[in-house]
Amino acid sequence: GRTMKAVEDCFEQLERSAASVGLRINFDLLASRYDNRICRSQTVAVNGKAIENVKAFKYLGAMFTQQRDMAREIKERMAAGIRCDFALRSILRSKSLSRKHKVRSTKQ
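Residue 75 in my numbering sits at position 75 of the sequence shown; the count goes up by one each step and never skips.
Below is the structure:
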């Protein structure tokens, strides 16, 4: 939302929708990122519940930052690729596996 009132309304609607299907929101695990135009404090109180204002967070594997830049996201994905390469290097260099099996394992 563009205002704190809009954010509060959104959380109220989320709580009602979750309760209607038997779910409960765990506000202890909830963190969000607000623009400086909306909120300047570290913690925001919405309906009496504190929500931490963070500079960056990861959601479904994607990194969301305050500056909305992709450099950090790209850096993290490259690091993950390098870790996978390092983990598979010994398998791919192994003489006991045929090339066919190595190719099949990397395509999956």
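C-beta: ideal position from N, C-alpha, C; glycine also.
For this session: Taking 9 Å as the cut-off, decide whether the C-beta atoms of K102 and L92 are in contact.
Result: With respect to the 9 Å criterion, K102 and L92 are classified as neighbours on the basis of their beta carbons.
Problem set entry | Outcome for F11 when other beta-carbon atoms lying within 10 angstroms are tallied against a minimum of 16 | Result: buried.
Exercise. Considering only C-alpha positions, which residue in the set T65, L60 and L88 is nearest to N53?
Worked result: Nearest option by C-alpha distance: T65.
Exercise. The beta strand (DSSP E) spanning T65 covers which residue range?
Worked result: Taken as a continuous stretch (DSSP letters only), the beta strand (DSSP E) holding T65 covers A62 to T65.
Exercise. Between Q67, K95, A62 and G48, which lies nearest to K55 when the distance is taken from Cα to Cα?
Worked result: It is Q67.
Exercise. Can you tell me whether DSSP reads I38 as helix, strand or coil?
Worked result: Annotation note: pLDDT 49 at I38 (below 50); position unreliable, coordinate value reported separately. In the structure shown, I38 sits in coil (DSSP, three-state: anything other than H, G, I, E or B).
For this session: Compute the beta-carbon to beta-carbon distance between R72 and M78, rounded to the nearest angstrom, for a pair I have assumed lies under 8 Å.
Result: Not a contact, Cβ separation roughly 11 Å.
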